[in-house]
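These protein sequences, in sequence, are chains F and V.
Those letters in the first sequence? Residues 16 to 761, per the numbering used here, in order.
Those letters in the second sequence? Residues 1459 to 1559, per the numbering used here, in order.
Where is the CB? At the ideal position from N, CA and C, for every residue including glycine.
For reference, the structure discussed in these notes is given below.
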Amino acid sequence: MQTKTIVGYADQIVIAPGETIAFKVSCEPGVADYRARIVRVVCGDDQPAGPGLKLEPFPAPAEDTHKARHQPIRTGSWISVRAGPALARLESVTVQAMIWPTTVAKGWQGLLGWWSEPRECGFGLFIDDKGQLLFAIGDGKGKPALLVSGKKLVDRAWYLVAGSYDAATGQTTLIQEPVECFPHVDDAATVCATVAKNYVGRPDAPFSFATILTEQGGGAVTAGAMFNGKIDAARVANRALDRAEIERLRDDPAAPSLRAAVVAAWDFARDMAGDRIVDTSTNRLHGTVVNTPTRAMRGWAWTGASGDWRQRPDHYGAIHFHDDDLDDAGWATDFTFTAPQGLRSGFYAALVETEGAEDSIPFFVRPPRGQATAKLLFLVPTASYLAYANFREALDSENAEVMTNALSIIGADMMYLNDHPEVGLSMYDLHTDRSGVAYSSRLRPILNMRLKGPLWQYAADTHVTEWLEAKGIAYDVVTDEDLHAEGVDLLQRYTCVMTGTHPEYYSTPMLDAVEAYIHRGGRFIYTGANGFYWRVAFHPDRPGIMEMRRAEDGSRSWIAEPGEYHMSFTGELGGLWQRSGRAPQKLVGTGFIAQGFDMSSYYVRKPGSFDPRAAWIFEGVGKDERIGDFGLIGGAAAGLELDYVDRKHGTPPHTLLLASSENHTDSFMIVNEEIGHNYPTTLGRDHPNARADMVFFEMAGGGAVFSTSSIAWAGSLAHKGHANNVSRITENVVRRFLDPKPFAGA
Amino acid sequence: MYPIDTSRTDLAREFKKNPFGPHSAELQRILNRMRWEPLKGKFVLVCTKPHKEWILAELPGERGKPITMHHDQVFTSLADAEWVVFKRRWKRITGQELAVD
Ligand SMILES: [Fe+2]
């Protein structure tokens, strides 16, 4: 078998002509060099039954050979605080925080402190290899003084943890105090000892949270022993505080009695959106988060009085760190590509190949900024690609095989994911500590956004581009990132906009833009299903990083904790758009109703398809013809995920139901957000709503919407050399939508 | 858990004939049980030649551990692979060989 020995990613996902994209590549040790070239992607699906992989060679630059190198990835989130004079002056010290560990049994984990290895210098609080709190002080010369609680911490319980040291007397105290006590659980300890005097050293490393730093010389550090869990109310004082003072410092760091003692009092609820953490003390020991730990998390003081951190920031002072967080692999650039002026907008990729292995790094070329070069726009759902990036489904989910009703197949890319978990997780996965993944980034190799990849998202969307090229329909592409940044202006350059097969993740600016476009005369083709479903937010400064919360409803691979539904980047309520009063039915007529992953099915025409308002859509299609009883995805056009009309969710009252799919297998089940309490008849063969509804409606401003309501739809376009009724219907709609002539009666 | 009645070799034959379904309700219940195996040791196929060749393998059930390959079980047909796994799981669950070829 081929072992994947080369992977890469790019600094951008979309560029305009004249702009440059930088590629970052890593090879396994032993690989000497690799070849790289840029191609235009027409079809990224290589299965034998389909149209085949279609890549257009690209005249310049020519294929190039590059020297291979290995570039590592370090996962795990932590905080770095540049140590200023206030820390350097410390002789006596108290360091304290509230913590909520989630993998006590993991082994050594750093909590907080100004500490560095291998000199064992400074002071800090840790969890040791027995799951106990440990306080260390070291001068970097002798052996460090260690105090251990001797009591194992309990996962998912809040503790006050503190270490204090008096430099004049050597008097040292450690406190491990649970907020809640349980009978038969022995996890409280106060340990005192007298150790050497004047023993606090000054590391070259920064003050840090959630890690143990190792100095590498020249000011460089590596982060290890990553902590899983939450830290809240972290403080440092310049003398050994007693138990009452420690509590006062936690609750009121501005207390007059502590004014001379406070060195740092961090409030993680400040500056929630960005990468900065704020020290409220006059020393301003502000820090920077690394690898996006989860913010806007319930703190130790949370009561449930509000679920919105903007209302009660004092309840949301915790950051949840994970040892598998990753927001930027940080690799060096290996080669770049500048899109020449006049380069056609479309799907592109950098192909990198070495002996027996290859990788493809997709990117998109948009038209020149401020311009359109076609009347049709294909809106590439890159936010959804990001949500699914490195989804470990077949590796991590007991349900994967049950859902597909067939053995899971591990290809070279999935094998790489198994062997290299350091490439990070998708928003469908769980962290090491079984908490949900709330952020995703494209600044890392994404093994399922690949040529020849799974027919889900990226590769499946190339069935649309393959069809557009075969039909000779000119199109531009832009990505969700463009839409998020530029809004409706971007869409309004086009007569018609087409979505990908599964545009599931939408930020508020993205949804606002599509809604405004449809209301201002735009023609919109929803070429998929389970779209416009989750609300997401983008990092305020770094566009490749996205956030979401699997809040109180929806089909969820994990379930957010109560009170953790509001996103850190914007404060908005995360979760389903439906739960914010903007169900997909309102926008495109249909919304998520059922999913199943074994066999797809066909549609039959409904009376609406004979209405003169819509009969043109079915020109060339027989009255009783089954629509899409063929295709590359489950053998038919209605499959994977399906949407249906529902006036209750906002389907416009004049919507024409054109066709519905039928005869789905029992693998297709009604989604749980449409079920109050469960019952035995929610399966495809029993439930009448397990179907895709194809719809059309006109808008007052001259716009119109056509929705296929099935993710599998595009997989049927290429059947019989594109001469089939799925292709015919799609073409009828695209050509009519590109004709600015108003719709009758609208 | 749904019991597997070892005398119902007719259901095994149904699977062999049509491994990708749709299946009868009784067979589907058996498959649900077989396919809902714990992750550690769960059977999967590792694709060795795209769309052409697969090897039987077992998941580690733990991040960072390797997938175990059964290099003597190579398939050029997914249906053959499904049948071999069906027989192995029948034995794993019932303790009896499935007497259907
Ligand atoms: Fe989805």
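| Check | Outcome |
| --- | --- |
| With 16 other Cβ atoms within 10 Å as the buried cut-off, status of S272/F | exposed |
| Residue-chain proximity (I425/F, chain V), Cβ-Cβ < 7 Å | yes |
| Exposure label - S616/F; buried when at least 16 CB within 10 Å | buried |
| Three-state secondary structure assigned by DSSP to K158/F | coil |
| Per-residue contacts from I1525/V into chain F (C-beta, under 9 Å) | L410, I425, M430, N433 and D434 |
| Alpha-carbon spacing of A98/F relative to E413/F, whole angstroms | 46 Å |
| For I726/F, the three-state DSSP class (helix, strand or coil) | helix |
| Cutoff 6 Å; reference K1507/V; Cβ partners in own chain excluding five residues on either side | none |
| DSSP three-state assignment for G426/F, whether helix, strand or coil | coil |
| E567/F: CB within 6 Å of a non-hydrogen atom of ligand 1 | no |
| Against chain V: residues of the segment 54–65 of chain F by CB proximity under 8 Å | D61, Q62 and P63 |
| A1557/V to R1550/V span [Cα, whole Å] | 14 Å |
| Classification of I690/F by the beta-carbon crowding that lies within 10 angstroms, buried from 16 upward | exposed |
| Every unbroken beta strand (DSSP E) within the segment 275–322 of chain F, with a cutoff of 3 residues, ordered by chain | 277–282, 291–294, 302–305 and 309–312 |
| Residue of G139/F, A280/F and T309/F minimising C-alpha distance to H581/F | T309/F |
| Residues in the segment 709–734 of chain F having any Cβ partner in chain V nearer than 7 Å | none |
| First and last residue of the uninterrupted alpha helix (DSSP H) at I1488/V | A1483 to R1493 |
| In chain order, each beta strand (DSSP E) run of at least 3 residues that lies wholly inside the segment 439–500 of chain F | 454–456 and 490–494 |
| Under 6 Å, CB to nearest heavy atom of ligand 1: contacting residues | H517/F, E519/F and N545/F |
| Exposure of G515/F, with buried meaning 16 or more beta-carbon neighbours within 10 Å | buried |
| Under the three-state DSSP convention, the category D338/F falls into | coil |
| Three-way DSSP call (helix, strand, coil) for W549/F in this model | strand |
| Member of D504/F, H734/F and I461/F whose CA lies at the smallest distance from the CA of I28/F | I461/F |
| Collapsed DSSP secondary structure at D1530/V in the structure displayed | strand |
| Other residues of its chain near D342/F: CB distance less than 7 Å, five sequence neighbours each side excluded | N306, T307, Y454, S456, L458 and I560 |
| Proximal residues of chain C, C-beta to C-beta of M614/F below 9 Å | The structure shown contains no chain C; its protein chains are F and V. |
| F683/F - containing beta strand (DSSP E), residue span | Premise fails: F683/F is in no beta strand (DSSP E) and is neither H nor E. |
| Buried versus exposed call for N1476/V [16 or more other C-beta atoms within 10 Å across all chains shown] | exposed |
| Local conformation of G604/F per DSSP, three classes | coil |
| Beta-bridge partners of A707/F, as assigned by DSSP | Answer by DSSP bridge pairing: none, since A707/F is not bridged. |
| Contacting residues, own chain, Cβ-Cβ under 6 Å from H211/F (five flanking each side not counted) | Residue identity check: residue 211/F is Ala in the sequence provided, not His. The answer, listed in chain order, is G185. |
| Length of the line joining the Cα atoms of P268/F and I608/F | 51 Å |
| Segment limits, alpha helix (DSSP H) that includes D79/F | From DSSP, D79/F is part of no alpha helix (DSSP H) but of the beta strand (DSSP E) over D79 to K82. |
| Beta-carbon spacing of L208/F, K166/F below 7 Å | Just to set this straight, residue 208/F is Ala in the shown sequence, not Leu. No, the Cβ-Cβ distance between A208/F and K166/F is not below 7 Å. |
| Nearest-angstrom beta carbon gap, F378/F and V395/F [assumed within contact, 8 Å] | Not really, about 10 Å apart at Cβ, beyond 8 Å. |
| Contained beta strand (DSSP E) runs [length at least 3] in the segment 86–171 of chain F, N- to C-terminal order | 93–96, 108–116, 124–132, 136–142, 147–154 and 160–167 |
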